[in-house]
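Here the first sequence is numbered in my numbering, starting from 2 and rising by one per residue. Below is one structure, written out as C-alpha cells, with a few remarks after it.
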Amino acid sequence: MSEASSNNANKSMDDIMALCKRRGFIYQASEIYGGINGFWDYGPLGAQLKKNLRDAWWQDVVMNPCVGRPGPDGEPVEIVPVDTCIIQNPKVWEASGHVGGFNDPMIDCRESKARYRADHVRAISGKGKRNEAPIFAFLTDTPSETKQRKAAAKKFGNEIEEFDLLELGTDFANVLGPDADTLGTLTEPRAFNLMFKTFVGATSAQTDENAAYLRPETAQGIFINFKNVVDTTRVSVPFGIAQTGKAFRNEVTPRNFTFRSREFEQMEIEFFCHADDAKTWFTFWRDWRYQWWQEIGLAGDNLILRNHDSDELAHYAKEGEGTSDIEYRFPFTAPGFGELEGIAHRGNFDLTQHEEHSKKKMQYFDTTRGELAPNGQPKGEWYTPHCIEPSAGLDRGVLAIICEAYTPDESRASKVYMKFHPRVAPIKAAVFPLVNKDGMPEKAAELHQELVKKFGHLGAIETDAKQSIGKRYARMDEAGCPICFTIDGDTLTDGTITVRDRDTAEQKRIPMAQASAYLAEVLGM
RNA sequence: GCGGGCGUAGCUCAAUGGUAGAGCGUCAGCCUUCCAAGCUGAAUGUUGACGGUUCGAGUCCGUUCGCCCGCUCCA
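Printed below as a string of C-alpha cells:
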C-alpha cells in the first residue's frame with residue numbers, strides 16, 4: 002500500500018481543485034461567463050494527461066489487446082476500433098431503451114423531500130369524491146401503502162375508490178403524499194429527460210419530427226455497426242469492438258468536480274462471444290481491467306473490484322450474468338467508492354433489440370460450431386452473440402489519477418507533488434541548465450531537442466533557465482514531472498549530468514549521452 | 001429538486017456601511033554552481049451577475065448564475 006493510497010480520506014478536494022486550476026489541469030467550463038453547471042474544460046496539463054490515459058487504453062486494448070495476455074480460449078484477444086457519431090438516428094435510442102425508459106415524469110414531495118415516479122403512485126379517495134380532500138397517495142408494496150390504506154379506511158370506511166394518481170391531472174392540492182403529514186405537498190409531475198435533445202436540419206422546424214439526441218453512451222454506436230464490422234473485416238467471434246468518445250447525460254445533479262459531468266468521455270469495449278462462453282469472458286475482462294487500472298498507477302487499496310447485487314442491475318444487464326464495477330476511493334466518496342469502470346454482461350439484449358427495431362438480421366454464422374458433417378467439418382451455427390461490456394469513464398479515470406497522485410509533503414518546497422505514473426504524466430522530463438551562463442544553456446538546449454525528438458509524441462519535454470534551480474524543481478514536482486536532467490559545470494568537462502527523481506528528490510550523475518536511454522527506462526519503454 | 005454553506009487578483013485569504021489590500025504565484029532585470037535563496041521593479045479586480053436600500057454597498061435586501069456539503073437521483 003503506497004503512502005498516497007492510504008490516506009485519500011485526508012486529502013482535501015478543495016486543495017486538489019485549487020491545484021488543478023492553478024497548474025492548468027482543469028478549469029470550470031465557460032468560466033468567464035459564470036460557468037455552466039456540470040461542464041469542465043481541461044487546460045494544457047490536463048489535456049495531455051487525459052490524452053495519455055486515452056492513448057494508454059487504446060494501446061493496451063486496441064493495438065495490443067490485453068497487452069498480449071491470451072483469452073480464456075488460449076487464443077490472442079481480437080479487438081477492432083470504430084469511431085461513431087454522437088448523433089444517431091433517434092430510433093437507436095428507442096431500441097436501446099433510453100427514450101422510453103427515462104422520460105418518466107417525477108413528483109417531488111416538498112415535505113418529505115422524497116421523489117416518486119409519477120406513474121407508480123396510486124391514490125385512494127372517498128367513493129365519487131376524487132375532487133375532494135383528502136386523497137391518500139401511496140406506493141404499492143411500501144410502508145406508505147399500509148399507512149395510507151389505514152388512514153383511508155378510518156376516514157371513508159369501505160366507501161372508497163382507488164386509481165392512479167396521474168388520473169387527477171397535475172394539481173395535487175387535495176392529496177396527502179405517501180410520506181407526508183400535511184395536504185398538498187406534492188409538486189406537479191416534471192419530466193426528467195436524461196438525454197440532450199437537438200434538431201437536425203438548418204432550415205427545418207424544431208419539432209419532434211426533426212428531433213435527435215446527443216448519445217448518452219458510446220455503446221450503441223458499436224452495436225448498430227456490429228453487422229458492418231462482421232461483414233467488412235475479417236473478425237470472427239469471439240472478438241471485440243472498441244471506441245472512445247464523448248457522451249452526454251442531463252444529470253439531475255452534477256456533482257463532485259468532474260466525477261458526474263453532463264458531458265464526458267467514455268472508453269468502451271463491446272466484446273462479442275457465444276452465450277456458452279460469456280461467463281468466462283466476463284471474468285476474464287473483469288480481472289484484466291482491474292489489473293490494468295492498477296498498472297496505470299492506481300495500485301493501492303483505493304481501488305476495488307465490486308460485484309453488483311442482483312437488485313441493482315441495469316435494464317440491459319438483467320438478461321445477463323451480472324455486473325462488476327471497478328471503483329476508486331475518491332476523497333469525496335471516502336470511506337466509500339465511486340465507479341471508474343463497469344464490466345457488464347449485457348447478454349444479447351442490445352443486438353436483439355436492434356434486430357427487432359431495424360428489422361435487420363444481427364445474428365452471426367459461426368463456422369466453428371454446430372454438429373459435424375460427414376466430412377468431419379462443423380456445419381456451423383447461427384446465433385446472436387452475447388456481449389461483455391467493459392465501459393470506462395475517461396474523465397473519472399483522470400480524476401482518480403489526479404487524486405491518487407496528489408501527495409502533500411511539507412518537507413519540500415512545493416508542499417505538494419503529483420506522483421503520476423510516468424506513463425500518464427503530462428510532462429515526461431525537464432532539462433535545466435544549473436545556471437543560465439557558461440555554455441550550460443546551449444548544452445541544455447541540445448539535450449532538450451534530442452529528448453523532444455524521441456519522446457515528444459508521449460508528452461511534454463520542458464526546459465527552463467529562469468530563476469533558481471530549486472524553484473524549477475519545485476515547479477516540476479507540482480506538475481508531476483517524473484525526472485529532471487540538469488546540466489552543470491562538470492557537463493562541459495566530463496559530459497555528465499545530474500538526474501533528479503521526483504518521488505525521492507535524490508540525484509545521481511549519468512553521462513549526458515545516456516539521458517535518452519535513462520528516460521526510456523523510466524517511461525517503461 | 002429540497003436544505004445548509006460559500007463566491008474579493010492566477011491561488012490562499014484580509015478589509016467597522018466610508019479611497020479594495022496582503023502573502024504566494026506570474027513577468028522583467030540583477031544575482032546565482034543543486035531544491036520555491038537574495039535584491040529591485042511590474043502587471044493583475046466592473047468584489048460572480050443583475051436590481052434595490054443608502055449621501056455612500058465587497059459589506060444590508062431581492063433575484064439569478066456557479067461551486068461545496070447533506071438528502072434525492074444516477075442506464
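Using N, Cα and C, we set each Cβ at its ideal position, and we do this for glycine too. None of the values given here were measured: they were computed from a predicted structure.
Problem - Reference L493; option with closest CA among R473, A445 and G481 - result: Checking every option, the nearest Cα to that of L493 belongs to A445.
Exercise for the section: Give the secondary structure of D47 by DSSP, where H, G and I count as helix, E and B as strand, and everything else as coil. Expected result: Going by the sequence as given, residue 47 is Gly instead of Asp. Here G47 sits in helix by DSSP.
Practice task
Would you list the one or two residues that DSSP bridges to S1?
Solution key: The shown model of the chain, from 2 to 526, leaves out residue 1, and the question about it has no answer.
Problem - Any beta strand (DSSP E) of 3 or more consecutive residues that is wholly inside the stretch 377-440 - result: With a minimum length of 3 residues, the unbroken runs of beta strand (DSSP E) contained wholly in the stretch 377-440 fall at 382-384, 387-394, 407-409, 417-419 and 428-434.
Practice task
Might you give, ordered along the chain, the residues of its own chain that have their beta carbon closer than 8 Å to the beta carbon of M477, omitting 5 neighbours on each side?
Solution key: I428, A431, E463, C485 and R503
Practice task
Check R261 in the structure and name its three-state DSSP category.
Solution key: Assignment of R261 by DSSP, reduced to helix, strand and coil, places it in the strand class.
Problem - DSSP-derived helix/strand/coil call for M196 - result: coil
Exercise for the section: Label D42 either buried or exposed according to how many other C-beta atoms from any shown protein chain fall within 10 Å of its C-beta, with 16 as the threshold for buried. Expected result: That one is exposed.
Exercise for the section: Might you give, ordered along the chain, the residues of its own chain that have their beta carbon closer than 7 Å to the beta carbon of E474, omitting 5 neighbours on each side? Expected result: The question names Glu, yet the displayed sequence has Tyr at residue 474. Correct list, in chain order: C485 and R501.
Problem - Closest by C-alpha distance to E302, when choosing among E296, R330 and D367 - result: One detail in the question is off: residue 302 reads as Asp in this sequence, not Glu. Checking every option, the nearest Cα to that of D302 belongs to R330.
Practice task
Compute the Euclidean distance between the alpha carbons of F103 and Q508, then round it to the nearest angstrom.
Solution key: The predicted position of F103 is uncertain, since its pLDDT is 49 and thus under 50; a value taken from the coordinates is nonetheless stated next. C-alpha separation (whole angstroms): 58 Å.
Problem - Inter-residue spacing [alpha-carbon to alpha-carbon] between G241 and E372 - result: Between G241 and E372, the alpha-carbon positions lie close to 26 Å from each other.
Problem - Which listed residue (Q207, V425, P434 and Q468) has its alpha carbon closest to that of L524 - result: When each option's Cα is compared against that of L524, the closest is V425.
Practice task
With a threshold of 16 other CB atoms inside 10 Å of the CB of G394, please say whether the residue is buried or exposed.
Solution key: Classification of G394: buried, given that the 10 Å Cβ count is 16 or more.
Practice task
Would you identify the three-state DSSP class for M513, choosing helix, strand or coil?
Solution key: helix
Practice task
My understanding is that F258 touches M18, with C-beta atoms under 8 Å, so please give their C-beta distance in whole angstroms.
Solution key: Indeed, because the Cβ distance is near 6 Å, the residues count as touching under 8 Å.
Practice task
Alpha carbon to alpha carbon, how far is W294 from K12? Give it in angstroms, no decimals.
Solution key: Distance between the alpha carbons of K12 and W294: 21 Å.
Exercise for the section: Compute the Euclidean distance between the alpha carbons of P73 and I108, then round it to the nearest angstrom. Expected result: The straight-line gap separating the alpha-carbon atoms of P73 and I108 is approximately 48 Å.
Problem - R397 versus G185 - alpha carbon distance - result: 41 Å
Practice task
Mind the definition here: the stretch 76-84 touches the stretch 232-246 only if three or more C-beta pairs lie below 8 Å; say whether that holds.
Solution key: Flag = yes, the stretch 76-84 and the stretch 232-246 touch.
Handout entry: Three or more C-beta pairs below 8 Å linking the stretch 352-370 and the stretch 281-301
Key = no
Problem - Proximity of E443 and S517 at Cβ, strictly below 8 Å - result: no
Handout entry: Stretch-stretch touch, CB-based, cutoff 8 Å, three pairs: the stretch 193-207 with the stretch 44-57
Key = No: the two stretches stay apart, fewer than three of their Cβ pairs being nearer than 8 Å.
Handout entry: Element boundaries [alpha helix (DSSP H), containing R287]
Key = Its alpha helix (DSSP H) spans residues A279 to E296.
Problem - Beta-carbon spacing of A119, P190 below 8 Å - result: yes
Practice task
Return the residue from the list C21, D15, A521 and G39 that minimises the CA-CA distance to V253.
Solution key: Considering only alpha carbons, the answer is G39.
Practice task
Kindly list the residues whose CB is nearer than 6 Å to the CB of Q515, restricted to its own chain and excluding five residues on each side of it in sequence; keep chain order.
Solution key: Correct list: empty, nothing qualifies.
Practice task
Take D495 as the anchor and find which of R510, T505 and I305 has the nearest alpha-carbon.
Solution key: R510
Exercise for the section: Let me know if R23 comes out buried or exposed under the rule of 16 or more other beta-carbons within 10 Å of its beta-carbon. Expected result: It counts as exposed.
Problem - Residues sharing a beta bridge with C21, DSSP - result: Its beta-bridge partners do not exist; DSSP assigns none.
Problem - E271 beta carbon less than 8 Å from that of I344 - result: Annotated as distal: I344 and E271, with beta-carbon spacing of 8 Å or more.
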